[in-house]
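Presented below is the structure to which this report refers.
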Amino acid sequence: MDAVSLIYAGQETDTPWRFRLDELGWRDMVTALGHDTLPFAGLWCDGTDVHALFMLSATQPLAATLALEDGRYPALSPARPVSSLYERMAYDLYDAEAMWAVDVRPLVDHDVWSATAPLAASPGPAGGHKGQISFQPSEALLAAGGANGGAGPATGQMETPLHVAIAFSGETITRAETVSGYAHRGLAQRWRNSRVDDACRLSGRVAAGCSVAHQAAFCQAVEAACGSAVGPEAGLIRIVLGELERILLHLHTLSGLARGAGALVVASRYAWFREKLLAESALVIGSRLLMDHCVPGGASLRDATGLGDLCSRLAKLGEEIYPALANLWRTYPALSLRLSSLGKVDEALLDRVGLDGPVARASGRDCDGRRTQRIYQSLWRLTAGRHGGTAEDRALVLLDEIGESLRMLGEAAPRLGLTAGGRVDLTLQDGEGLGITEGPWGSVIYWVQLHAGRVAQVFVHDPAPAALMVFEASLPGQDVADVALVRQSLGVNAAALDG
Amino acid sequence: MGLIRAVFDAAFRQGGPRLKPVGPRWPLLLFHVDTGGCGGCGMELEALSAGPYDMEGAGFGFVPSPRSADVLLVTGTLTRTMAPVLEAAWQAMPKPKGLICVGGCAMDGGIFPENYTVMGGLDRKAAIDLQIPGCPPTPQQVLDGLCSLFGQRAQPAKGQAEGSSSTSS
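These protein sequence lines are chains B and H, in that order. Going by my numbering, the residue at position 412 of the first sequence is 410; the numbering climbs one at a time, nothing skipped. To get my numbering, take the position in the second sequence, counting from 1, and add 131.
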């Protein structure tokens, strides 16, 4: 039997796409996953059960649930390597132990919290470590030999805090590992039993620059749990915000990449264009990082009726400025050459960790969640980008996506007209819902459980864990000085990773 | 915690007299540490340094090492894991030195108040020379705040509309 059949063979739950397995069924599922390509979206624990989420298609979820037995469950990481990050998180937060896990290092708990296993029914004592956390190199890193070094978490740059430990020989990295947890804010605990509006605000601050993707997915999940859905106009407003977010974050990323690669003129021009778009949007949208505009039941903008007009203006700005910007990137002396040897990601690695988004698209993977959403149908136009898998290919894919999203804004403008979007009044009822969006760096999925009019549990799938594994795997062979550039081109975000 | 006890120079006091240091302390050099927020303030700081705000022209610059910094610029709520890192950065800075909090999280924890992993903001934990509120503050607000250290007013960046805010309305 394949993994899907094994999950369907489990006991049905109130949620039609979630099935409860017993331990033998779960073990069979793990074995079946070893020779199955079922896409894995994440694993989380709620204290009594452990859940694994898979995606049958871009819109169709399938989840398996197993009750913890003595705080243990069979690990998924032997079959899905990226699961190890989720398993380590579940251990740090709930003391839920993954049996036969491939990696058991702490992920976010470095023995400095005021309680160990803080979300477990009976949390443990406070961590006893004083001072900066020390990096414990794995045997593989020690075996790599050469000199050891590291960077972060405070580099003086603007990125989120993460420590990258490297072994290097001469100027070349032989192996790299990361230490995360510096940005762990305890989101799972904060979401627990929170009001829906507060939970939505929190979801907008999982990862700045992807706020719309996170909040739209959260809102979809809440609406699905309530058996409701927003109208097409509010849906279109969310789409427009999502595309604007993609444009702004990609411009930000490209500006940073150009600066890191020494092309300061390019960096400055991209930052200038981003500021120009933001200045144009300010009076209609009301915030620069697009936080808190997607709310459960609808959308909230400073002047929603002006959004259609704004889209036309942004698309016009794009027509005027974007071609020259794209040309500048492609023709700037040595910029392509500088990036073309950086951070090559092959398809086998992507398949192993299940990363999607522009990183996968730049490696020839045909994946874009937007294609399956009905609301995108009249906006979508297939673009074919570069497939080499290097930082240069990724930059060019981002560049293409900016142009494509600007065009989509222009297409959406007449459909928006003067609509204010409207808002659906949600009747909060007990239940579970799932929301999926295609964020700037890949799919964002929210699983939300409502109970007694409040949010009981939230699980987030973000591209960050898979991106981290790709980052670690792509560093060997790179120059020591290029760590930050590779990180930026892969969109590794410690804030989203740590939660 | 015995984190930061800023022995800060009068030149950096908010609202103080115009005592902008001359000579080797020009421009004022900032070392940024994200102590565990969502990264939004960091994005706005990057927009400030790379965008059309003429931050260097106003007399401020970011440096990659605390050893050459005049001011520690903190964003994000303070996590227990980052606290010793922040302390180390502070200790590495030469005197006189100052401390600036950018964004609501760095000030009082903002949306991420104290819990098992978060100590909240630096308010009441350290002597803060300047606080710039917002979630996150816009680059212009950050620049205005920095300029206010010397009783100056920043020139608005060209093309920036009035009413632009990073905080949702």
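For glycine and all other residues, C-beta sits at the position ideal for the given N, C-alpha and C. Quick caveat: nothing in here was measured; it's all calculated off a predicted structure.
If distances are taken between C-alpha atoms only, which option among B:R193, B:I319 and B:A479 comes closest to B:L249?
Position 251 of the first sequence, counting from 1, holds the residue named residue 249 of chain B. Closest in C-alpha terms to B:L249, from the list B:R193, B:I319 and B:A479, comes B:I319.
Which whole-angstrom value describes the C-beta separation of B:A222 and B:L432, a residue pair presumed to lie in contact below a C-beta threshold of 8 Å?
Locating residue 222 of chain B in the first sequence gives position 224, where the first residue counts as 1. Locating residue 432 of chain B in the first sequence gives position 434, where the first residue counts as 1. Confirmed, about 6 Å.
Please classify H:P225: is it buried, with 16 or more other beta-carbons within 10 angstroms of its beta-carbon, or exposed?
Numbered from 1 along the second sequence, position 94 holds the residue referred to as residue 225 of chain H. H:P225 is exposed by the Cβ-count criterion.
Does the segment 401 to 408 of chain B come close enough to the segment 302 to 318 of chain B that 3 or more CB-CB pairs lie under 8 Å?
yes
Using a Cβ-Cβ cutoff of 9 Å, what residues of the segment 170 to 194 of chain H are near chain D? List them in chain order.
The structure shown contains no chain D; the protein chains it does contain are B and H.
N-terminal and C-terminal residue of the alpha helix (DSSP H) that B:R267 is part of
In the first sequence, the residue the question calls residue 267 of chain B occupies position 269. Element bounds for B:R267: L262 to I283.
Quick one: what's got a C-beta closer than 6 Å to B:Y71's C-beta in the same chain, skipping five residues either side?
Stepping through the first sequence from its first residue, residue 71 of chain B is reached at position 73. Only V48 and L64 meet the Cβ criterion.
Determine, for H:V216, whether the minimum Cβ-Cβ distance to residues of chain B falls below 8 Å.
In the second sequence, counting from the first residue as 1, residue 216 of chain H sits at position 85. Interface residue, yes.
What's the gap between the Cα of B:R369 and the Cα of B:I283?
Locating residue 369 of chain B in the first sequence gives position 371, where the first residue counts as 1. Locating residue 283 of chain B in the first sequence gives position 285, where the first residue counts as 1. For B:R369 and B:I283, the distance between alpha carbons rounds to 26 Å.
Would the beta-carbon of B:G292 fall within 8 Å of that of B:R236?
Numbered from its first residue, the first sequence carries residue 292 of chain B at position 294. Numbered from its first residue, the first sequence carries residue 236 of chain B at position 238. According to the sequence as given, residue 292 of chain B is Cys; it is not Gly. Yes, Cβ-Cβ distance for B:C292 and B:R236 is below 8 Å.
Taking all protein chains shown into account, decide if B:R498 is buried (16 or more other Cβ within 10 angstroms of its Cβ) or exposed.
Residue 498 of chain B lies beyond the range of chain B shown here (-1 to 497); nothing can be said about it.
Any beta-carbon of chain H closer than 8 Å to the one on B:H108?
If you number the first sequence from 1, residue 108 of chain B lands on position 110. With 8 Å as the cut-off, B:H108 counts as an interface residue toward chain H.
Would you tell me roughly how many angstroms separate the C-alpha atoms of B:L488 and B:G168, rounded to the nearest one?
Walking along the first sequence from the start, residue 488 of chain B turns up at place 490. Walking along the first sequence from the start, residue 168 of chain B turns up at place 170. When rounded, the distance between both Cα atoms is 25 Å.
H:F243 CB to nearest heavy atom of the ligand SAH below 7 Å
Looking at this structure, you won't find the ligand SAH or any other ligand, since it has none at all.
Any idea what DSSP makes of H:Q145, helix, strand or coil?
Locating residue 145 of chain H in the second sequence gives position 14, counting from the first residue. For H:Q145, the predicted structure reports a pLDDT of 47, less than 50, and the residue's modelled location is therefore unreliable. A value from the coordinates is still provided. In this structure, DSSP gives H:Q145 a state outside helix and strand, which the three-state scheme calls coil.
Residues in the segment 224 to 249 of chain H having any Cβ partner in chain B nearer than 8 Å:
The segment 224 to 249 of chain H vs chain B, Cβ under 8 Å: I242, F243, N246, Y247, T248 and V249.
Three CB pairs or more closer than 8 Å across the segment 323 to 337 of chain B and the segment 420 to 430 of chain B:
Result no; under three Cβ-Cβ pairs closer than 8 Å.
Using a Cβ-Cβ distance cut-off of 8 Å, determine whether B:S112 contacts chain H.
On the first sequence, residue 112 of chain B is found 114 positions in, with the first residue counted as 1. When Cβ-Cβ separations below 8 Å define contact, B:S112 makes contact with chain H.
Report the start-end ranges of each beta strand (DSSP E) in the segment 85 to 157 of chain B that is 3 residues or longer and not cut off at the edges.
95 to 97 and 145 to 149
Contact list for H:P267 against chain B, beta-carbon separation under 9 Å
Taking the second sequence and counting its residues from 1, the one referred to as residue 267 of chain H is at position 136. Near H:P267 (Cβ distances below 9 Å), the residues of chain B are A206, R286, L287 and M289.
Which residues mark the beginning and the end of the beta strand (DSSP E) in which B:F469 is found?
Within the first sequence, numbered from 1, the residue matching residue 469 of chain B stands at position 471. Element bounds for B:F469: not the beta strand (DSSP E) but the alpha helix (DSSP H), A462 to S472.
Residue(s) in a DSSP beta bridge with B:Y71:
Counting from one through the first sequence, the residue named residue 71 of chain B turns up at place 73. DSSP lists B:A96 as partners of B:Y71.
Please check if any C-beta of chain B sits within less than 8 Å of the C-beta of H:A77.
This structure does not reach residue 77 of chain H, given that chain H is present from 132 up to 300, and the question cannot be answered.
Would you mind sorting B:L473 into buried or exposed? The rule is 16 or more other CB atoms within 10 Å of its CB.
As a first step, residue 473 of chain B must be located in the first sequence, where it is residue number 475. Label assigned to B:L473: buried.
Cβ of H:G167 within 8 Å of any chain B Cβ:
Locating residue 167 of chain H in the second sequence gives position 36, where the first residue counts as 1. By this cut-off, H:G167 is an interface position.
Determine, using beta carbons only, whether H:V164 comes closer than 8 Å to chain B.
Locating residue 164 of chain H in the second sequence gives position 33, counting from the first residue. Cβ-Cβ to chain B under 8 Å: yes for H:V164.
Taking DSSP's pairing of strands, which residues face B:S441 in a bridge?
Position 443 of the first sequence, counting from 1, holds the residue named residue 441 of chain B. In DSSP, B:S441 forms a bridge with B:E436.
Could you give the DSSP three-state label for H:L209: helix, strand or coil?
In the second sequence, residue 209 of chain H corresponds to position 78, counting from 1. DSSP, reduced to helix, strand and coil, places H:L209 within a strand of the structure shown.
From the DSSP output, in three-state form, read off H:C232 for me.
Taking the first residue of the second sequence as position 1, residue 232 of chain H is located at position 101. Correct three-state label for H:C232: strand.
Looking at B:V484: is its Cβ nearer than 8 Å to the Cβ of B:G341?
Along the first sequence, read from residue 1 onward, the residue named residue 484 of chain B stands at position 486. Along the first sequence, read from residue 1 onward, the residue named residue 341 of chain B stands at position 343. Their beta carbons are under 8 Å apart, which means B:V484 touches B:G341 by this criterion.
With a 10 Å radius around its C-beta and 16 neighbouring C-beta atoms as the bar for buried, classify B:R244 as buried or exposed.
The residue you call residue 244 of chain B lines up with position 246 of the first sequence. It counts as buried.
What are the boundary residues of the alpha helix (DSSP H) that includes B:D196?
Position 198 of the first sequence, counted from the first residue, corresponds to residue 196 of chain B. According to the DSSP assignment, B:D196 belongs to the alpha helix (DSSP H) that extends over V194 to S201.
Assigned secondary structure, H:E245 (DSSP; H/G/I helix, E/B strand, else coil)
Position 114 of the second sequence, counted from the first residue, corresponds to residue 245 of chain H. H:E245: coil per DSSP, three-state reduction.
Return the Cβ separation of B:A154 and H:F162 in integer angstroms, given the expectation that the two are a contact with Cβ distance under 8 Å.
Locating residue 154 of chain B in the first sequence gives position 156, where the first residue counts as 1. Locating residue 162 of chain H in the second sequence gives position 31, where the first residue counts as 1. The residue you asked about is not Ala; residue 154 of chain B is Gly in the sequence shown. Rounded, the Cβ-Cβ distance is 5 Å, consistent with contact.
B:V162, enclosing beta strand (DSSP E) - first and last residue:
In the first sequence, residue 162 of chain B corresponds to position 164, counting from 1. Counting along the chain, the beta strand (DSSP E) containing B:V162 begins and ends at H161 to S167.
Distance between B:P116 and H:Y247 (C-alpha atoms, nearest Å):
Position 116 of the second sequence, counted from the first residue, corresponds to residue 247 of chain H. Position 118 of the first sequence, counted from the first residue, corresponds to residue 116 of chain B. The alpha-carbon atoms of H:Y247 and B:P116 are separated by roughly 7 Å.
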